[in-house]
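Report on one structure; see the data block that follows.
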Amino acid sequence: MSGAPVLEVDGVEVTFPVNRPLLRPFGRPHSIKGVAGVSFEVKRGETFALVGESGSGKTTLARAINGLQPVSAGSVTFEGQRIDGLGRAEMKLHRRRMAMMFQDPIGSLSPRQTVGELVTEAFRIHGSEGRDMRAETARLLSLVGLPLDFADRYPHQLSGGQARRVGVARAIAFNPVLVVADEPTAGLDVSVQGEVLNLLNDLRERLGLAMVIITHNLHVVRHVADRMAVMYLGRFVETGKTEAIFSEPSHPYTAALLSANPEPDPDKARDRISLPAEVPSLLARPSGCEFHTRCPWAREICRSTPPPASERAGRVLTCHFPLGPGEHPPERIGL
Amino acid sequence: MSVLSVNGLTVSFTTDGGTLTALRDVSFDIPDQRIVGVVGESGCGKSTLINAILGLLADNGRIDAGSVLFQNDRELTRLGDSDMRALRGQRISTVFQDPMGALNPVLSVGHQMINVQYRSGRSKAEKIARAVEMLRKVRIPDADTALSRYPHQFSGGMKQRIAIAMALMMEPALLIADEPTTALDATLEVATIELLKELQRDIGCSVLFISHHLGVIAELCDEVIVMYAGEVVERGTTRQVFNDPRHPYTFRLLDCDPARQHQRVRHLPTIPGEIPDLRRRPEGCIFAARCHRVHYACMRTPPVTEVGNGHAARCWLAGNPETVKVTA
Amino acid sequence: MLREPLGVLGISLVLLVVLGAVFADFLASADPSKISPRNRFSSPGFEHLAGTDQLGRDLFSRVLHGGQIALAVALGSTAVSLLIGMVLGLIAGYGPRWLDNLLILVFDAMKSFPTVMLALALVTLFGPSLTAVVVVVILVNVPGYARIIRTQTIALKSAEYVTAAQSMGASTARVLRVHILPNVIGPLLILASMDIPVVIAIEAGMSFLGLGVRPPTPSWGAILNDGFANIRESYWIVVAGGIPIILTTLGFTFLGETLRDVFDPRLKGR
Ligand SMILES: Nc1ncnc2c1ncn2[C@@H]1O[C@H](COP(=O)(O)OP(=O)(O)O)[C@@H](O)[C@H]1O
Ligand SMILES: Nc1ncnc2c1ncn2[C@@H]1O[C@H](COP(=O)(O)OP(=O)(O)O)[C@@H](O)[C@H]1O
Ligand SMILES: [Mg+2]
Ligand SMILES: [Mg+2]
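Residue numbers (this note's numbering), protein chains in the order written: chain A, 1 to 335; chain B, 1 to 328; chain C, 1 to 270.
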């Protein structure tokens, strides 16, 4: 069991229509690719992280995995069964085993439900099979470390960290095999971020979950993810083991993201790879390597020819000139 | 010489559940041309501090005690409404987390950037030139044509930079920034703080910078104030506070930052517990309930102990760095 | 809510009218429709608290029994309008785009029809009757209610907690019932309570014009009409018909406004 992947994503694309008929005569596309062909798999007990700037397609990919967003190409296989394109009724069976956590800790909780109702919502949807709701509430709240008297509170009476715990409790209610968490630490204080990550880590071990964690905060990834993918304009530019990527980023974009993380140490000498700030529009994807417009190392070939994906020691990379250890950019570019 | 000195500031709100003391005996100085950071968990009173300084407290809030002295001559807590308005936006300007708080969605960026200069006595052409110059400084591409565009035509990062440009247009003596980078990606966040630093040097203003991101504070600020439940628990230069924390809260907060762990750890450090109910402040040290070094003395409020040049902490153990740093 | 003086006044007035209607038989022993030619136009006194009309019917009794009609029509037709408006609004807001466009077109068409014309058209169809009144009220109210629900449903459709419910496999019915409806219904209830006086006015107005309740049945509008016809003989008939309309309208309006202030989202604290 543990060998087979829980989730396999193969060449998935998600397109959105663009309502701008005026632009079409100028050769603009009438749809954009929010996710432009990504593949990965997650095994039981493993955590896979998706990292990238906002707009890179992370949330769209998560929604596509859960069937909230139709997939326009590629396939999503969950527990050995293809689930992309399934109808709502067929999908319902799979949704029981696949839990999603959304970005806003409080906003993802229904405002007129009490915590007790929220964490047992899955039983009301999928049938409670004679379960005792009060006992289930107590079990779930204790799993996430909340006192039982929270069962009567409403979401707006919770702090961000408490709301996040409720979200986690709700996600694991039906013993899922996969949890997809979109920015689980967004909007939380540092003192609480750790709590949530520890909780997710614990649950993964105790329940043998597979997890997909989405974040733009690299520091979070280091401590929770076994493998990670760096996403840019809807594609993976680098995939591999978290530790390997942290110790030796090969794609310039990965290196830039890593260096863009301010550390709480005033004495630390910083040689930062600064990127031009603006991410290109999906309506006008750059030619060649799509990162060349921001890449400090870009050369002529990067502008014209898209780099092929190459694999080396479990690392998949799309770059013409992968970085060596500790390599620095040739020149500094401002904002 | 300091731009702003806050002394014994105490602010409370009237709520249904009783009086809520949001700030208690808060004192600090913002020296000329320095960047001072304020860190603390949400709900510790950072926004209340700013609002009290700017005279913008909500209707149910009031200043119970203390003074806020601007450039050694103007007492802001006693300034009339119209004087305060004249000061805001000209001598003291602000940037917030959401740039749309400063930008009007139905007016062009140029229109708004010219409006900000209404007290400057410049001619229209000079105002436009100044607006373009500021947009260039914050690196908005095509600065001259950008003036005729509307806020929604810019990305989130650009909107925040335009808001910064507007705040610094009148070369204020003090810029107050409340979590201006919190909503931005890491790449944009570092770009924005680098920009802020550069502009601050250029204009020669002081900055009061609020953030819960310790890394950003370490990188940007000269001095730092650590707040907990409405009290200043530690202050000093960024080096003093980050390298040699003397309050257990500061120590634990730094410890929690995942960026401090350079190796993968199984269990990230946390600070269990919650900020106490500010309507029923506990006696004695405000952090005692969550402190790993709590002992009998903490039942009395600790004094602010000066431990180095400008470095002070409100803890009985402040003079004893080794004890502070022992974890439970 | 009891802290608001206007709210207390509103509740008291509404209670007064409701109790009067409920205990009409008990409070006014006289038969509201019994004609008594000897007692025509007797002025208010001990025998007839509000006097009698041109046919000698006891006005106090007619007013209380008229209250029954007014309230039954107002509450009944408002409740039905609420139900229909709610369902159509949810369908328009949550359903496919083409259905939304179609329903909006229908709502707009209904709205653009003047109330009086609508009333006349229906009376031609059904003849003057209570049914005509109820149908007019429903047709007038539904588009507005449906639009409110639709707008809010659209706003909530992409809220994270709704997406979260979908991701857990909740059926459309469950999403609408548990996650959307409770969060959109509040403003509608407030609006409806403020609409009740309008409905009472429509009923009275139609009955006044002879398009509503048929003659022997007591209705405030009909009493008013009698009063106007006989204003030279007696002023009290107009008074008896007018006062309950004014009191009820004020009562429900105050109540609705207080409810709105109490439930105003901006005032909702932690
Ligand atoms: N419903 C939608 N319609 C059109 N474009 C969308 C939609 N949802 C997302 N997008 C676009 O797809 C891209 C990826 O968005 P998203 O997945 O939210 O990114 P992330 O989660 O990484 O910030 C963005 O450019 C966004 O504007
Ligand atoms: N208008 C208000 N009325 C009542 N309590 C308030 C008001 N504004 C802030 N508070 C309370 O004051 C405390 C500090 O809040 P705030 O200054 O917003 O904290 P921060 O900005 O650090 O998150 C909190 O406990 C908050 O609930
Ligand atoms: Mg996202
Ligand atoms: Mg704040």
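We put the beta carbon where it would ideally sit given N, CA and C, even for glycine.
These numbers were taken from a predicted model, which means no experiment stands behind them.
Among the residues of its own chain, which have a CB less than 6 Å from the CB of residue i, if the five just before and after it don't count?
i: Gly76(C); result: none
i: Arg266(C); result: The pLDDT assigned to Arg266(C) is 45, lower than 50, so where the model puts this residue is not dependable, and the model offers no usable value.
i: Arg270(C); result: The predicted position of Arg270(C) is uncertain, since its pLDDT is 32 and thus under 50; a value taken from the coordinates is nonetheless stated next. Excluding positions up to five away in sequence, the list is empty.
i: Lys268(C); result: Annotation note: pLDDT 40 at Lys268(C) (below 50); position unreliable, no value reported.
i: Arg332(A); result: Confidence at Arg332(A) is low in this model, with a pLDDT of 48, below 50, so its placement is unreliable and the value that follows should be read with caution. Correct list: empty, nothing qualifies.
Got a sec: is the Cβ-Cβ distance from residue i to anything in chain A below 8 Å?
i: Phe70(B); result: no
i: Ala155(C); result: no
i: Arg264(B); result: yes
i: Asp144(B); result: no
i: Cys315(B); result: no
i: Ala229(C); result: no
i: Cys291(B); result: no
i: Asp257(B); result: yes
i: Val36(B); result: no
Taking Cβ positions only, does residue i come closer than 8 Å to chain C?
i: Gln103(A); result: yes
Grab me the residues of residue i's own chain with a C-beta within less than 7 Å of its C-beta, minus the 5 sequence neighbours each way, in chain order.
i: Leu211(C); result: Ala119, Val123, Pro128, Ala132
i: Pro325(A); result: Glu248
i: Ser12(C); result: none
i: Pro37(C); result: Gly56
i: Ala163(A); result: Pro105, Ile106, Leu109, Pro155
i: Ile231(C); result: Val238
i: Tyr228(B); result: Gly40, Cys44, Tyr249, Ile286, Phe287
i: Val279(A); result: Glu53, Gly55
Give a yes or no on whether the minimum CB-CB distance between residue i and chain B is below 8 Å.
i: Gly194(A); result: yes
i: Asn217(A); result: yes
i: Glu243(A); result: yes
i: Ser247(A); result: no
i: Leu197(A); result: yes
Sorted by chain position, which residues of the same chain lie with C-beta nearer than 8 Å to residue i's C-beta, five sequence neighbours on each side aside?
i: Phe126(C); result: Ala132, Val135
i: Thr249(C); result: Pro197, Ile200, Ala201
i: Gln261(B); result: Leu268
i: Gln193(A); result: Thr185, Val220
i: Asn371(B); result: Residue 371(B) falls outside the range modelled here, since chain B spans only 1 to 328, and no answer is possible.
Taking 8 Å as the threshold (C-beta atoms), are residue j and residue i in contact?
i: Pro99(B); j: Gln160(B); result: yes
i: Val307(B); j: Gly319(B); result: yes
i: Leu68(A); j: Ser167(C); result: yes
i: Asp104(A); j: Glu160(C); result: yes
i: Met337(A); j: Gly57(A); result: With chain A represented from 1 up to 335, any question about residue 337(A) goes unanswered, as that position is not in the structure.
i: Thr59(A); j: Val224(A); result: no
i: Ser108(B); j: Arg149(B); result: yes
i: Pro172(B); j: Ser82(B); result: no
i: Ala183(B); j: Arg235(B); result: no
Tell me, please, which residues DSSP counts as bridged to residue i.
i: Glu8(A); result: Glu41(A), Thr77(A)
i: His311(B); result: Gly308(B)
i: Asp178(B); result: Ile210(B)
i: Ser128(A); result: The partner list for Ser128(A) (beta bridge, DSSP) is empty, contrary to what the question assumes.
i: Tyr232(A); result: Arg235(A)
i: Lys241(A); result: Arg227(A)
i: Arg97(A); result: None, per the DSSP bridge assignment.
i: Phe231(B); result: It should be pointed out that residue 231(B) corresponds to Glu in this sequence rather than to Phe. For Glu231(B), which the question treats as bridged, DSSP gives the partners Tyr228(B).
i: Arg12(B); result: Per the sequence presented here, residue 12(B) reads as Ser, with Arg not at that position. Answer is Thr21(B), Arg62(B), bridged to Ser12(B).
i: Leu13(A); result: Reading off the sequence shown, one finds Glu at residue 13(A), where the question assumed Leu. In the DSSP output, where bridge partners are listed per residue, Glu13(A) has Ala36(A), Ala73(A).
i: Glu311(A); result: Val316(A)
So which residues on chain F does residue i lean against when the C-beta distance must stay under 8 Å?
i: Asn175(A); result: Looking at the structure shown, chain F is missing, and the protein chains on hand are A, B and C.
Residues from the stretch 223 to 246 of chain B in contact with chain A, defined by Cβ distance under 8 Å: Listed in sequence order: Thr238, Arg239, Phe242, Asn243.
Against chain C, which members of the stretch 110 to 144 of chain A pass a CB distance test of less than 7 Å? Those residues of the stretch 110 to 144 of chain A that come within reach of chain C (Cβ to Cβ, closer than 7 Å) are Ser110, Pro111, Arg112, Glu121, Ala122, Ile125, His126.
For the stretch 161 to 184 of chain C, list every residue whose C-beta sits within 9 Å of some C-beta in chain A, in sequence order. Answer in chain order: Tyr161, Val162, Thr163, Ala164, Ala165, Gln166, Ser167, Met168, Gly169, Ala170, Ser171, Thr172, Arg174, Val178, His179, Pro182, Asn183.
If contact means a Cβ-Cβ distance below 9 Å, which residues of the stretch 166 to 190 of chain B contact chain A? Answer set for the stretch 166 to 190 of chain B: Thr182, Leu184, Asp185, Ala186, Thr187, Leu188, Glu189, Val190.
Under 7 Å (Cβ pairs) to chain B, residues found in the stretch 175 to 191 of chain A: Result list: Asp189, Val190, Ser191.
What residues in the stretch 254 to 274 of chain A have a beta carbon less than 9 Å from any beta carbon of chain B? So the list reads Ala256, Leu257, Ser259, Ala260, Asn261, Pro262, Glu263, Pro264, Asp265, Pro266, Asp267, Lys268, Arg270, Arg272, Ser274, given in the order they occur along the chain.
Taking a cut of 7 Å between CB atoms, which residues from the stretch 66 to 89 of chain A lie near chain C? Residues of the stretch 66 to 89 of chain A with a Cβ closer than 7 Å to any Cβ of chain C, in chain order: Asn66, Leu68.
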